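Structure first, then comments.
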Amino acid sequence: MSRPTRIRIDLDALQHNYQYARQLSPDSRTIAVVKADAYGHGASDVALALANSADMFAVSCLEEAMDLRNVGISNPLLLLEGCFHSDELIHCSEFDISVVIHHQHQVDMLATMTLKRPLSVWLKVDTGMHRLGVMPENAAEVFTALKAFNSVGDLTLITHLASADEADPAHTQMQLERFTAVQKQIAAQYPGVPASIANSAGLLAWPQARSDWNRPGIMLYGLSPILENDDHQGHLIPVMQFESEVIAVRTIAEGESVGYGNTWTAQRESVIATVAAGYGDGYPRTAASGTPVLVNGERARLSGRVSMDMLSIDVTDIEQVQVGDKVELWGQRLNANEVAGWCKTSGYELVTRMPKRTPRVLD
Ligand SMILES: *Cc1c(COP(=O)(O)O)cnc(C)c1O
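If you read the sequence shown in this note's numbering, its first letter stands for residue 16, the second for the next number, and so on.
Quick look at the structure:
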């Protein structure tokens, strides 16, 4: 490999983060969420690394589930969006894939289906995210209907929290209350139905949201979703290191500008290093001048617009920066959440949107 731009995936860090998720809620089972190519980390590699420990893997859709089955993953799998067409249900039954049922049209699909093996169904309740799920007032009725279908085996109740990462607890409290009410109503007729509530933020910050099955995603990749007063990041190890090298260094006079559109102008004589990573490699073009970048472990600042294949950094205050010096765009020493704060986005998006072009190397 010649161009030095790559992401390194630290599988030990992944294991550590999974174990941390499990320790937080030792009586629960822990679903590793590996949708969207494991948030850009490589779903097969991540799932193979966690295959001996993960109680279940969650993905968005059947295609993602089959990719895991095809590399030999035999753990239980859950489709978070369920099925889009009824013919998928046959594959789910054959390959032991559980489905979320979030809408009446999916209930209708199941009603008319005959399957060799009944499906394990996760009935999603919309407690306030208002994206997927049956309304709380209809949940017991839908549950009873599903119970009667030959195509349906085990049932689990699931909901999703909209703002467990935020300091204001009101909305999460309301969601938890609505979910508890549904659970009680269903338990009156069908006791012992398992439940699943917590994503990473729920698991980290909301002990009341920990239940039979927790569903951490981002925290497995070592990024805390709690951005204010966070005391969790210290327990997590970022899994993705986005690296490149300095490929040019120059000194420019005060008043000279750097990059397309001349958006950054030197306020003094400045040393500018060019790094072989740009938006074509997954570094966001929205990153503002001033975004931190590590050179030889020291903090430099992005200067001017990010190009497709390169970006420029001001290294005036760092001694002796040379061609070939190591650059970390984000990783264990520079958290992707911090970089995201300069790019009007979240650490979730930065890691998930990495393009194929950037080679992935396993550590
Ligand atoms: C993506 C997702 C998760 C994981 O969320 P994180 O914030 O990454 O922990 C959990 N549950 C559902 C339904 C999801 O879609």
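Each residue gets a CB set at the ideal place from its N, CA and C atoms; glycine is no exception. Keep in mind the model is a prediction, meaning the values are calculated, not measured.
- A Cβ-Cβ distance of about 7 Å is found for the pair Pro151 and Ala196, placing them in contact under the 8 Å criterion.
- For Asp27, the enclosing alpha helix (DSSP H) has its first and last residue at Leu26 to Leu39.
- Under the Cβ criterion (8 Å, minimum of three pairs), the region 307-325 does not count as touching the region 218-230.
- If you ignore the 5 residues before and after Glu258, its C-beta comes within less than 8 Å of the C-beta of Pro19, Thr20, Arg21, Ile22, Arg23, Lys341, Val342, Glu343, Leu344 and Gly346, all in its own chain and listed in chain order.
- Runs of beta strand (DSSP E) with 3 or more residues, each lying fully within the region 281-346, are found at 285-290, 307-310, 313-317, 326-329 and 341-345, listed in chain order.
- DSSP places Asn153 in the helix class (H, G or I) of the three-state scheme.
- Ser113 sits in a strand when the DSSP states are folded into three classes.
- Shortest gap from the CB of Ile112 to any heavy atom of ligand 1: 8 Å or more.
- A Cβ-Cβ separation of about 16 Å leaves Leu39 out of contact with Leu238 under the 8 Å criterion.
- By the neighbour-count criterion, in which 16 or more other beta carbons inside 10 Å mark a residue as buried, Asp378 falls on the exposed side.
- Beta-bridge partners of Ser215 (DSSP): none assigned.
- Excluding its 5 nearest sequence neighbours in each direction, Gln337 has C-beta neighbours in its own chain below 8 Å: Val261 and Val264, listed in chain order.
- In the structure shown, Thr195 adopts helical secondary structure according to DSSP, grouped into three states.
- According to the DSSP secondary-structure assignment, Thr266 is paired through a beta bridge with Val286.
- In this structure, ligand 1 has no non-hydrogen atom nearer than 8 Å to the beta-carbon of Ile241.
- Counting along the chain, the unbroken alpha helix (DSSP H) around Ala355 starts and ends at Ala351 to Gly356.
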